Structures are given as structure tokens and as C-alpha cells.
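Q: 3 is the number of the first residue of the sequence shown in my numbering; add one for each residue after it.
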Amino acid sequence: MFMLFEAHPLLLVLFVLMAALLMPTIFHFRRRLCGAAALLVMFIALLISLSFVRLTLEGRVLSYAVGGWPAPWGIEVLIEPLSAFMLAVISFVALIVIFYSVSALEWEVPEAGIGWYYTTFLLLIAAMKGMAITNDLFNMYVFIEVAGISACVLIIAKGGREATEATFKYLLLATVGSGFVLMGIALLYMVTGNLNIDYVARELAMVYPQYPHLIWTVLSFFLVGFGIKAALFPLHVWLPDAHSSAPTPSSAILSSLVVKIYIVALLKFYFLIFGFELLDQLLIRHLILMMGSAAILAGSMFAFAQLNLKRRLAYSSVAQIGYIFLGIGLGSPIGLAAGILHIFNHAVMKACLFLAAGAIYRQTGEKNVNKLQGIGYSMPLTMGAFSIAAFSMVGLPLFSGFISKWYLALGSIEAGIPMFVGLIILSGLLNGSYFLPIIWQAFFVVDKHEPKILTIDKLPFSMSASLVVLALVIIYFGVWPQLPLSLAQKAANLFLP
Numbered sequence: 003m004f005m006l007f008e009a010h011p012l013l014l015v016l017f018v019l020m021a022a023l024l025m026p027t028i029f030h031f032r033r034r035l036c037g038a039a040a041l042l043v044m045f046i047a048l049l050i051s052l053s054f055v056r057l058t059l060e061g062r063v064l065s066y067a068v069g070g071w072p073a074p075w076g077i078e079v080l081i082e083p084l085s086a087f088m089l090a091v092i093s094f095v096a097l098i099v100i101f102y103s104v105s106a107l108e109w110e111v112p113e114a115g116i117g118w119y120y121t122t123f124l125l126l127i128a129a130m131k132g133m134a135i136t137n138d139l140f141n142m143y144v145f146i147e148v149a150g151i152s153a154c155v156l157i158i159a160k161g162g163r164e165a166t167e168a169t170f171k172y173l174l175l176a177t178v179g180s181g182f183v184l185m186g187i188a189l190l191y192m193v194t195g196n197l198n199i200d201y202v203a204r205e206l207a208m209v210y211p212q213y214p215h216l217i218w219t220v221l222s223f224f225l226v227g228f229g230i231k232a233a234l235f236p237l238h239v240w241l242p243d244a245h246s247s248a249p250t251p252s253s254a255i256l257s258s259l260v261v262k263i264y265i266v267a268l269l270k271f272y273f274l275i276f277g278f279e280l281l282d283q284l285l286i287r288h289l290i291l292m293m294g295s296a297a298i299l300a301g302s303m304f305a306f307a308q309l310n311l312k313r314r315l316a317y318s319s320v321a322q323i324g325y326i327f328l329g330i331g332l333g334s335p336i337g338l339a340a341g342i343l344h345i346f347n348h349a350v351m352k353a354c355l356f357l358a359a360g361a362i363y364r365q366t367g368e369k370n371v372n373k374l375q376g377i378g379y380s381m382p383l384t385m386g387a388f389s390i391a392a393f394s395m396v397g398l399p400l401f402s403g404f405i406s407k408w409y410l411a412l413g414s415i416e417a418g419i420p421m422f423v424g425l426i427i428l429s430g431l432l433n434g435s436y437f438l439p440i441i442w443q444a445f446f447v448v449d450k451h452e453p454k455i456l457t458i459d460k461l462p463f464s465m466s467a468s469l470v471v472l473a474l475v476i477i478y479f480g481v482w483p484q485l486p487l488s489l490a491q492k493a494a495n496l497f498l499p
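#1: Once you ignore the five residues that flank GLY294 on each side, which residues in its own chain have a CB closer than 6 Å to its CB?
#2: TYR66 by DSSP, collapsed to three states: which one?
#3: Spatial neighbours of PRO483 within its chain, please: CB distance less than 6 Å, with the 5 preceding and 5 following residues excluded, ordered by chain position.
#4: Can you give me the Cβ contacts of CYS36 inside the same chain, cut-off strictly under 8 Å, excluding the 5 residues immediately before and after it?
#5: Going by the DSSP bridge assignment, what does GLU78 pair with across the sheet?
#6: Take the Cβ of TRP240 as the centre, count every other Cβ of all protein chains shown within 10 Å, and call the residue buried at 16 or more, exposed below.
#7: Please report the distance separating the alpha-carbon of LEU410 from that of PHE401.
#8: Tell me ASP138's beta-bridge partners as DSSP assigns them.
#9: For PRO420, does the count of other Cβ atoms within 10 angstroms reach 16, so buried, or fall short, so exposed?
#10: Among SER51, ALA22 and VAL55, which one has its Cα closest to the Cα of ALA39?
#11: Go through the stretch 314-366 residue by residue and report every complete run of the alpha helix (DSSP H) that reaches 4 residues or more, in order.
#12: Could you please give the first and the last residue of the uninterrupted alpha helix (DSSP H) stretch that includes GLY413?
#13: Leaving out five residues before and five after LEU48 in sequence, what residues of the same chain have Cβ atoms less than 8 Å from its Cβ?
#14: Between the Cα of PHE87 and the Cα atoms of SER51, PHE393, ALA316 and PHE304, which residue gives the shortest distance?
#15: Mind checking which residues open and close the alpha helix (DSSP H) that includes SER222?
#16: Fully enclosed by the stretch 116-188, which alpha helix (DSSP H) runs are 4 residues long or longer?
#17: Tell me the rounded alpha-carbon separation between VAL471 and GLN212.
#18: Going by C-alpha distance, which of SER334, LYS460 and TYR436 is nearest ARG364?
#19: Within its chain, find whatever has a CB closer than 6 Å to the CB of VAL43; leave out the 5 residues flanking it on each side and keep chain order.
#20: ILE127 and VAL55: beta carbons closer than 8 Å?
#21: What does DSSP give as the partner residues of ASN310 in its beta bridges?
#22: Can you tell me whether DSSP reads HIS238 as helix, strand or coil?
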């Protein structure tokens, strides 16, 4: 089976897409099988993705011409280190979130909509996988639109005024972002006559001297368009409402995967088409560096001011996205590898935090971070997982978040900009200022009239197990980061000269 998918990588996207279309039918006949079917699909997708990871670690690059039509006339699918990396990240996080959803969805989404929720969820996963592997500008745009529409459905799935307002805001801004991306693609096609990324890059090298201002405009359009979709500060305004009002599984996927896949698309466009030298020459790299730095500081300060737990986590994502853009802007091999590595580390950390927040709200009905005193005794598994993810976000050693920040610091030194080491240290302190008080209250501040009695979380097995798995992954890759780090380094070497 793996050989079939290795020969035809697009089948992975089609496999998830076909499964998505079958979900309403499965739900109609056997409602309880819907979640299990989605879980099985994602488990198979993870195994296939890991086979791609193995091949890329061996130094192989898989290319497939859809329908037998070679580029530039046909559609090309490409599996290189970054593609394989993202396929594995998407599959793993989606698998855990679906496992959590098996018990959580019945509480957060109207029963009649569960089948359609799984359909939309898998459509989103298929679109993100398509974005990861396509080597064609037009098809990248098609997958972007599918992902955007699917994300809207996942946000509004819970119903209610807040979710409706958040969805409308996201839809409006996502449309603006898509418009900028489409205009950039159209201008590139106008001057190069191609849509295949490799051929566009070749033509661009020849026509750039004739159209320098137009190329700078294209670069700006892509930065604004993908910046909106990736919630890069100050283009992040849709994110807090969308993440805080969506069902918990939706929040986890939006923060851990959706915003990241747009960063990956921007990476492909910028480095494979334009190249590092042009980005540096036109000061785009410096602009990314400044926006990433501003995101780290502003996101952390906004997060500190939030009392709603999910909004605090949402603003925290703005800061974490800043780390990824900081790595891109540094332009050094170590810095870029650190930014790519943080895509994975933050995906796991933030999925764990959002799922833990959903479990807390389910058991206590509480969203206010100042009213979680003693919850560590009634929900030790949940708060234990939350604490591990929070420590990792702060960047403490032995947790995966530390590895990302350590290599970002090394990348700053390698790039000759050591002042960013200070920014990374300061951001860690800011992260601690809004995460550690929650942990302190949960375990060390209790009602004097209530005894400290340790009890096991009263949560369904799938919810508790999902949190435990994510927490263990954070610890494991904090101690043994070689696998994701080697993939990130291979991807960085692909992009930089």
C-alpha cells in the first residue's frame, strides 16, 4: 500500500477527501461509527506520511505529474523535506484531536451536525495536505480556498452569536487575504507565463530586471495575504475571536495547524520562486524580521491582559507565530531550521493547551483564569498536561519548546544579530507571566474551607488519553529532538543557498 502512495502522492489527499465525503452517510446509518471512521482515516494518513518522512530522510525527493502531463503543462506534486514534515505534523495532530473529539463533540456541537463536522474537518485536513505537496501556484490557491471555507464551518459549528460574529470576521479577512494572494499569483503569471513553481522561478530570474517594482509588489501582496491568514501581527485581528468562540477541537486545529500551513505556503513562494538573495535585496527579509519581533512582544502582552483562558491561548499563538517568522527573517540555516521546527513544537503544545482548556470548561464550566484555584487536585491529569505544555511554551529545558528557542538564539548569533537572543529571553519571561500564575493557582492556591483531596479527572478516556499523549510527545522531543530537527534542517538547506 505504501508503495502505491509513494508512486502517487496525490492519492493521500484524495484518500482523505473521499473519506470526508462519506462521513454524513456513515453518520446517518451508524452515528457512533463516524468518529471511529475519521480516526481510522487519519491513522492510515499518519502511517503514509511517516513513510514519506522516511524517504526524505534517505535523501529522496518524490515528484508526480498528475495525469501523466509533465510540468509546466500539467500539475506537479512534490514530496521534499518540508512537505513530508508538514504531512506528518498535520496527520499526527489531527489524529489526536479527532480522538479527543470522539467524546468532546457531543458536548460542544449539536448532534445533528456531528457528521457534517467530521466532513468539514477532513476537508480541511485534505486541503492542508494539498497545500503542503503541490508545486503549482493555481492549485495552491484552490487548496487555500478550500481550507478557508472549511475553517469557517469549523468556527461556527458551535452556534451562537459569538461564533457567528467570529466566523464573519474570519471570512471577511480571509477573503481579503485570498485576494492579495490571487493578485500576486496573477501578476507572476503575467510576467512569467507559468504556474509551476520551478518554471516560474526560472522565468523570474530572466524577467526581474525588466519588472523590479512589479516583483516587489508581488512580494508585498504575498506577505499581506499570507500574513492575514497566518495571523501575523498586526494582521491577526480575526484570530482571538475565532479561536475563543469555536468548539475546542476547532480551536486546537486552527491554532496548531491552519495558521502554520499558510506560513509553509509563504515559505515555498518566497524561497523557491524568489530566493533568499532577492528577499534580502528588496528588504522583505528585514520586514519579516521586524513583524516577527513585534508579534512576539505584542502577542505576549495582549495574552497577559486576557482573563478568558481560550483568548489568552489565542493571543499566545500570535506571539508563537512571531517566533516562526523570526526564524524566517534571520535568514541563517540554523534560524530557518528553528522556525520550521517550531511549527511542529508549537502545534503539539498549543493543541495540548486548547484541549486541556476545553476539558477544564467541560468539567467546571469556568473560563476565567482567576477562578481556577485548586483545580489541579480535581483534574490532575488535565492540569499536569496543561503545565507541561505551558512550561514548554515558556521555553524551559527538557521540553520541546526549549529546543526551538535554543536554535533560534543560535540562529540569531549565526546571522550576526545577537540582540535577538535578548528578545527570546524576554519573551520567555513574558510567556511565564501569563502561564505560570494559572499553574500556581491550580496547585498551590485552594479554598481554606475545602480539603486538598486528589481525585482522578472525571473525563472520558479519549479526552484524558489525548492530553497525556501530547504531553509525553512534548517531553520526548524535548529530550530527543533529532527526528523533527533533522527534517527541519533538511528543509532549511533546501531553501537557503
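Where a beta carbon is used, it is the ideal one built from N, C-alpha and C, also for glycine. Treat the numbers as computed from the prediction; the structure is a model and nothing was measured.
A: The relevant details are as follows:
#1: GLY324, PHE327, LEU328 and GLY331, listed in sequence order.
#2: TYR66: strand per DSSP, three-state reduction.
#3: For PRO483, where only same-chain residues beyond five positions count, the Cβ hits under 6 Å are ILE405.
#4: The answer, listed in chain order, is MET25, ILE28, PHE29, ILE116, GLY117 and TYR120.
#5: Listed as beta-bridge partners of GLU78 by DSSP are ALA67.
#6: Buried, because 16 or more other Cβ atoms sit within 10 Å of the Cβ of TRP240.
#7: For LEU410 and PHE401, the gap between their C-alpha atoms comes out near 15 Å.
#8: Residue pairing by DSSP places ASP138 opposite ASN198 in a beta bridge.
#9: PRO420 should be labelled exposed.
#10: Nearest C-alpha to ALA39: ALA22.
#11: Fully enclosed alpha helix (DSSP H) runs of 4 or longer: 335-366.
#12: Start and end: 402-416.
#13: Within its own chain, the residues whose Cβ lies closer than 8 Å to the Cβ of LEU48, once the five positions on either side in sequence are excluded, are ALA90, SER93, PHE94 and LEU97, listed in chain order.
#14: Nearest neighbour of PHE87 by Cα position, chosen from SER51, PHE393, ALA316 and PHE304, turns out to be SER51.
#15: Segment 214-231, the alpha helix (DSSP H) holding SER222.
#16: Qualifying alpha helix (DSSP H) stretches, in chain order: 116-135 and 139-158.
#17: Approximately 54 Å, taken between the alpha carbons.
#18: Comparing alpha-carbon positions, the option among SER334, LYS460 and TYR436 lying closest to ARG364 turns out to be LYS460.
#19: The beta carbon of VAL43 is closer than 6 Å to those of ALA21 in its chain, skipping five residues each way along the sequence.
#20: Not a contact, by the Cβ cut-off of 8 Å.
#21: DSSP lists ASN370 as partners of ASN310.
#22: Coil at HIS238, not helix or strand.
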